[in-house]
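So the sequence shown is numbered by the working numbering: it starts at 1274 and just counts up by one.
Heads up, the beta-carbon is just placed ideally off N, CA and C, and yes, glycines get one too.
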Amino acid sequence: MSNTPTYDVVVAGAGGGLIGAIKAAQLGAKVLLIDASDDFINTCNTSLTTGMFPASGSRWQREIGIIDSPEIFTGDIMKKTKNSADVVATKALTEVSVEVIEWMADSLQVPWELVTDFHYPGHSVDRCLSVVGRKGHLVMAPIWQSVLDSNLLEFRSSTRLVDVEIVDNVIVAAVVESANGERERIPTKNVLMATNGYGANQELLEKYNNEIAHVYYHGSKYSRGDALEIGVKHGAAVAYLDAYQGHAAIAAHANTLVGWATVMQGGYILNLNGKRFDDESAGYSEFAAILNNQEGSTGWLMIDKRIHDGSMSFKEFEVTAASGAIIWADTMEEIAAKTNLPVENVINEFANANAVSAGLAEDKLGRKVFEKPLQAPFGAIKLRPSLFHTQGGVRVDADGRVLKESGEPIAGLYASGGAALGISGHGSDGYLAGNGLLAAVGFAYLAAKAIAATGR
């Protein structure tokens, strides 16, 4: 059985892994990119996101006078995670954030726009970039097309990484499985595991993340914990397995994403008693578990035409609106009747929110900002909580190298995104918008550079 490498690197997972594969190929590596799906560009978690990529100190910020830096971004992460985020990973990703995003613009022609029309919870400045339509697929599809139009790398779909071979603590091969179950051993110098977390693996969810294990899963069905199980099998250290990104704004009508821009523009959420029950502006991730604990694990988002129009820049919200998920009415009494909520409570919460918005009262739940009072016509959207993806995995160093419990790297084995530990601390309340995408593209990019630098 030959260990003569066929490839310099096998990249498993073509979401964020696509970025690592392209960068490695540009740096001279012979690359095989594989993905378990036959339609990854539409179904991978990177494509399913709203495409918010944070970069601290980018040229788009400088153009409009925003002062930002990796240190400021790190401070925001540590504040949101109550100082529980991994220091090494946080430093590595905040420092590379501008480099990878600007490389995606300059080398891959991604037409980034800085998102300034609303402010995500926990970010002290506007630093998230996206593209017109604000959907991950719209970022990734043109990149993938450019790969198809070139001979930069080799790609196989419907091919799953199921194991790696290690000799004397050095990667010598990847073991892959086709859709029909046939296995193949591929000699390689390096393997980058970019196969996301374990959100689609019910057994692992119940083991590590029971808090969110039974809500609706709004992620890729191929996020089965493959990298976690491969890493553990070969002695890798693991970290933050209880971390996840939830979302409290999935429309129950058709399981489409409403998005938290609705809340940050002044929307608020009522339970089935017609009452608000927590500070919505704290963050959409932690609010998923909060909503899940309400009667019926559901709630109603209150918006108006202004919020509706301001959210149409998101393709996902456009889809939600077109699906018929929004109930419209000219009065709050009519909203209460159409949603079967207690009318007195609905009217009282509307009055309270407007008073806080006008600066006439303090919110009893601690929310500081309602952007503007809601005005007729009013809209209501029934919500359900969801799990988007897990945020823990194998422990890695600043270059994405997988580490053993001793802290020693496994030579040639790398991990990125949900396959690796993230920068959101424990649980769900440390998540900042874009943390998952930054870990996905950031560690993949760093791994590619490390592979080139080591010459393995």
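query = In angstroms, rounded to a whole number, what distance separates the CA positions of ILE1608 and ASN1627?
reply = 16 Å
query = What is the DSSP secondary structure of THR1461, counted as helix, strand or coil?
reply = strand
ask   = Hey, would you say MET1413 sits closer than 8 Å to THR1529, going by beta carbons?
value = no
request  = Would you mind reading off the limits of the beta strand (DSSP E) that contains SER1701?
outcome  = For SER1701, there is no enclosing beta strand (DSSP E), since its DSSP letter is neither H nor E.
ask   = Between ILE1459, GLY1715, THR1367 and PHE1313, which lies nearest to ASP1341 when the distance is taken from Cα to Cα?
value = THR1367
task = Run the proximity test for ASN1566: is its beta-carbon closer than 7 Å to any non-hydrogen atom belonging to the ligand MG?
result = By its list of ligands, the structure shown contains no ligand whatsoever, and the ligand MG lies outside what it can speak to.
inquiry  = Which complete beta strand (DSSP E) runs does the region 1291-1320 hold, if anything under 3 residues is left out?
reply    = 1304-1307
ask   = For the region 1460-1468 against the region 1699-1710, are there 3 or more C-beta pairs whose distance is under 8 Å?
value = Too few Cβ pairs lie closer than 8 Å, so no.
inquiry  = Going by DSSP in three states, TRP1376 sits in which element: helix, strand or coil?
reply    = helix
request  = Give me the Cβ distance between ILE1459 and LEU1686, rounded to the nearest whole Å; I'm assuming they're in contact under 8 Å.
outcome  = Not really, about 14 Å apart at Cβ, beyond 8 Å.
query = Under the three-state reduction of DSSP, which class applies to THR1323: helix, strand or coil?
reply = Note: THR1323 maps to coil in three-state DSSP.
key: Sequence-distant residues of the same chain with beta carbon closer than 6 Å to GLY1698, five excluded per side   = Answer for GLY1698: THR1354, SER1357 and ALA1358, listed in chain order.
TYR1517 to PHE1651 span [Cα, whole Å] = Roughly 33 Å between the two C-alpha positions.
ask   = Cβ of GLY1409 within 8 Å of Cβ of TYR1718?
value = no
task = Ignoring anything shorter than 4 residues or poking outside the region 1487-1539, list the alpha helix (DSSP H) runs there in chain order.
result = 1499-1506 and 1534-1537
query = Using a Cβ-Cβ cut-off of 6 Å (strictly less than) and excluding sequence neighbours within five positions of ASP1672, which residues of its own chain qualify?
reply = LEU1719 and ALA1723
request  = Report the rounded CA-to-CA distance for SER1689 versus ALA1713, giving the unit in angstroms.
outcome  = 5 Å
task = Over the uninterrupted alpha helix (DSSP H) stretch that includes GLY1409, give me the two end residues.
result = 1409-1421 is the extent of the alpha helix (DSSP H) around GLY1409.
query = In its own chain, which residues sit with a C-beta less than 8 Å from the C-beta of VAL1435, not counting the 5 before and 5 after it?
reply = VAL1448, VAL1449, GLU1450, ARG1456, ASP1499 and ILE1503
inquiry  = Tell me the rounded alpha-carbon separation between MET1585 and GLU1591.
reply    = One C-alpha to the other measures close to 5 Å.
message = Please state the DSSP three-state secondary structure of ARG1456.
response = strand
query = Is the number of C-beta pairs between the region 1328-1348 and the region 1392-1408 that are closer than 8 Å three or more?
reply = yes
message = At the level of alpha carbons, what is the spacing between ALA1365 and GLU1336?
response = 25 Å
request  = Using three-state DSSP, classify MET1585 as helix, strand or coil.
outcome  = coil
key: As assigned by DSSP and simplified to three states, the class of GLY1406   = strand
message = What does the Cβ neighbour count give for GLU1622, buried or exposed, with the cut at 16 atoms within 10 Å?
response = buried
ask   = Three-state secondary structure (DSSP) at TYR1280?
value = strand
task = Just mark ASN1276 as buried or exposed, buried being the case when its beta carbon has 16 or more other beta carbons within 10 Å.
result = exposed
key: Unbroken alpha helix (DSSP H) run spanning TRP1333, endpoints   = 1332-1336
request  = Spell out a yes or no on whether the region 1520-1537 and the region 1656-1668 are touching, meaning 3 or more CB-CB pairs, one atom from each, closer than 8 Å.
outcome  = yes
message = Would ASP1702 and GLY1556 qualify as a contact pair, given that the criterion is a beta-carbon distance under 8 Å?
response = yes
request  = Quick one: which unbroken beta strand (DSSP E) runs of 3-plus residues sit fully inside the region 1669-1698? Chain order, please.
outcome  = 1674-1676 and 1682-1688
inquiry  = Using a 10 Å radius around the Cβ and a threshold of 16 neighbouring Cβ atoms, would you call PRO1682 buried or exposed?
reply    = buried
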